[in-house]
Amino acid sequence: MNRTLSILAALVLALGSATAQAQRAAAQPQALVVTAENRTAAADAARRNDRAARPGDVMRYRLTFTNVAGRPIRGVTLANPLPAGIRMVAGTARASREDARAEYSADGGRTFSAQPMEDVVVDGRTVRRPVPVERYTHVRWTVDGSVAAGATVVAEYDARIGAPPAGSGTAGSAAGNSGR
9 MNRTLSILAA LVLALGSATA QAQRAAAQPQ ALVVTAENRT AAADAARRND
59 RAARPGDVMR YRLTFTNVAG RPIRGVTLAN PLPAGIRMVA GTARASREDA
109 RAEYSADGGR TFSAQPMEDV VVDGRTVRRP VPVERYTHVR WTVDGSVAAG
159 ATVVAEYDAR IGAPPAGSGT AGSAAGNSGR
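With the working numbering applied, the sequence shown covers 9 to 188.
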């Protein structure tokens, strides 16, 4: 599989695995639409003469949640795993609501915090430090208030497509985020 197809396969898997969770008692399902736009290719389309995703390109992921339940709902969470080969760009997470809190995971989605931390040994001492953004595995937003019937919440972030591992011949993993 060539590099472009491998990257696109990983992106499709990432888009398909985004989730929206709301109150279990909601009368109707909520609608979640996830899109990815290749910001680099859009800017360089004339020079590159294509819109294919390539290593180094920056993708903008946008999660759009619309409450179609016909009544306000609480407990809305929008979460998106970052597939292998995709690295979040620091400082790009944003949401359309001030009460949508962004949190990150660096352990495969088991734990989330505004700043994931890790313990490392430096000069024989254990030191607690922030996990580098490029090691994040998931991003999620939790809406603290209720989402009115018919209202939409938009959350987005930018992610850079990484270079393929040396000697792999591919730029992404069609297996998505498993094992991270």
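Here a beta-carbon is modelled for each residue, glycine too, at the ideal position from N, C-alpha and C.
Straight-line Cα distance separating residue j from residue i
i	j	result
Arg79	Arg62	43 Å
Val128	Gly99	24 Å
Val66	Val84	27 Å
Gly153	Asp131	46 Å
Ile94	Ile81	32 Å
Ala159	Val141	31 Å
Ala156	Asn75	7 Å
Ala167	Gly64	10 Å
Tyr112	Ile169	18 Å
Whole-angstrom C-beta distance between residue j and residue i, which should lie under 8 Å
i	j	result
Met125	Val139	7 Å
Val221	Arg105	Outside the displayed span of the chain (9 to 188) sits residue 221, for which this structure offers no information.
Pro91	His146	Not quite, the Cβ-Cβ distance comes to about 11 Å (not below 8 Å), so this is no contact.
Chain-order list of residues whose beta-carbon lies under 7 Å from that of residue i (same chain, five-residue window excluded)
i	result
Arg143	Ala114
Ala163	Leu71, Leu86, Ala103, Ala108, Trp149
Ala101	Ala110, Val147, Tyr165
Coil, strand or helix - residue i by DSSP
i	result
Met96	strand
Leu90	coil
Ser113	strand
Val84	coil
Val76	coil
Which ranges does the beta strand (DSSP E) cover as unbroken runs of at least 3 residues, wholly within the segment 118–178, from first to last along the chain?
125–130, 133–138, 146–151, 160–169
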